[in-house]
Each structure stands twice: as structure tokens, then as C-alpha cells.
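Peer 1: Below you will find the structure I want to go over with you.
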Amino acid sequence: MKISIFVFGKTDSSYINEGISDFIKRTSYFCPIEFEYFTEPKNHGKLEPTEQMLNEAELYLKKIYPDDFVVLLDEKGKTFTSAGFAKQLEQWMNSGKKRIVFIIGGAYGIHPTLKQKYASVSLSDMTFNHQLVRLVFAEQIYRAFTIIKGLPYHND
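Given below as C-alpha cells:
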């Protein structure tokens, strides 16, 4: 099983990139994991928000394969405790699929066509910057693996 995290656009802040790299390195001891960055097309930022989300969805769909299990990160998705997310992640990993793809939407979120097709989770009832979510989610995946493996990182 492999984990891919799809994100749209580059991460601007060096501290976010450093944190993501750290958690990817830590998590890779448990499972192959990667962030896949999708390049913003020319003039993308000048489009209406719904057009931006549609363009992003089309790019994501080109990289999703039939044997992938896809989960969206969306503010209206199902919320979990860290332990609950670890349990859910373990179930997804045992689903028989080759890869779990998590999609973090761009600045305006995720297009409804993807929301209708795939499961979604929320990190919080609060709203986070889409770049900061990348770091928070990378940490939560690492935390989930330490919970699954019974390692001393997460404290109840």
C-alpha cells in the first residue's frame, strides 16, 4: 500500500515545506508516501472560483487509477479524533487497493464532481489555509501510523 497526497500549486513557505519533509521522512518507515504537486496552469488565478476548482478536479482525475482508494480533505467531511482516524486509515489500507490518494483542494476547495464521487474527511471544524493543511495532515498521517503501531508519539 502506498499513500499519495495530491495538492494543487507549490507550497510557498519554507517552514511548511520543512515540516512536510520531516513528516514524510518519518512516515516512510511505515509506508511509502509522497506529495504530488500539481502545477497551476497559466492564468488559472484569473478564473472564477468554480472554474478553478473544475480545472483542478480535471487534473486530479487524470492521475487517479481504478485501483486507487480516494479520500478528499474537505471542511464538510467526516471528522475523526486522531485515534479514530488511525483506525479508519488502517481499514482503508486493508481495503485491497494499491494506493490511498488523499486530495487537498486549492484555495477554493474541491469541486462538487469530486465530492459526489469520493469519501471526505475534515481535519477540523475550523478553516485552515490550504497550504497549512498540507503540514497538519502530514503530521496526522504520521501520528496515525504511530497509533497503529503502538509507538510512543500520541498521548491520550
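Numbering (our numbering), first residue to last: 4 to 159. Ideal Cβ positions, reconstructed from N, Cα and C, are used throughout, including at glycine.
Near residue 59, what residues of its chain come up, given a Cβ to Cβ distance below 6 Å and the 5 sequence neighbours on each side ignored?
Peer 2: To locate residue 59, count along the sequence shown from 1; it is residue 56. Closer than 6 Å at Cβ, skipping near neighbours: 11 and 109.
Peer 1: So, residue 118 versus residue 77, is the Cβ gap smaller than 8 Å?
Peer 2: For the purposes of this step, residue 118 is identified with residue 115 of the sequence shown, where counting begins at 1. For the purposes of this step, residue 77 is identified with residue 74 of the sequence shown, where counting begins at 1. Cβ distance < 8 Å, so residue 118 and residue 77 count as in contact.
Peer 1: Counting along the chain, where does the alpha helix (DSSP H) carrying residue 70 start and finish?
Peer 2: As a working mapping, residue 70 is identified with position 67 in the sequence shown. Element bounds for residue 70: n/a, residue is neither H nor E.
Peer 1: For the 8 Å Cβ check, are there 3 or more pairs between the segment 25-33 and the segment 92-99?
Peer 2: Judged by Cβ distances under 8 Å, the segment 25-33 makes no contact with the segment 92-99, as fewer than three pairs qualify.
Peer 1: Look up residue 152 in the DSSP assignment and say whether it is helix, strand or coil.
Peer 2: Position 149 of the sequence shown, counted from the start, is the residue given in the question as residue 152. Correct three-state label for residue 152: helix.
Peer 1: Between the Cα of residue 129 and those of 144, 79, 86 and 123, spot the shortest distance and give me the residue it belongs to.
Peer 2: Here residue 129 refers to the residue found at position 126 when the sequence shown is read from its first residue. Closest by alpha carbon: 79.
Peer 1: Nearest CA to the CA of residue 103: which residue from 18, 85, 71 and 44?
Peer 2: As a first step, residue 103 is located in the sequence shown; it is residue number 100 there, counting from the start. Residue 71 is the option with its Cα nearest to residue 103.
Peer 1: In terms of DSSP beta bridges, what is residue 81 paired with?
Peer 2: Indexing the sequence shown from 1 puts residue 81 at position 78. Per DSSP, 124.
Peer 1: For residue 23 versus residue 75, is the C-beta distance shorter than 8 Å?
Peer 2: Translated into positions along the sequence shown, residue 23 becomes position 20. Translated into positions along the sequence shown, residue 75 becomes position 72. Taking 8 Å as the Cβ cut-off, residue 23 and residue 75 do not qualify as a contacting pair.
Peer 1: So residue 9 and residue 66 are supposed to be a Cβ contact under 8 Å. How far apart are they, rounded?
Peer 2: On the sequence shown, position 6 is the one that residue 9 refers to. On the sequence shown, position 63 is the one that residue 66 refers to. Right, the Cβ-Cβ distance comes to about 7 Å (below 8 Å), so this counts as a contact.
Peer 1: Would residue 124 and residue 131 qualify as a contact pair, given that the criterion is a beta-carbon distance under 8 Å?
Peer 2: Against the sequence shown, residue 124 aligns to sequence position 121. Against the sequence shown, residue 131 aligns to sequence position 128. Cβ atoms of residue 124 and residue 131: not closer than 8 Å.
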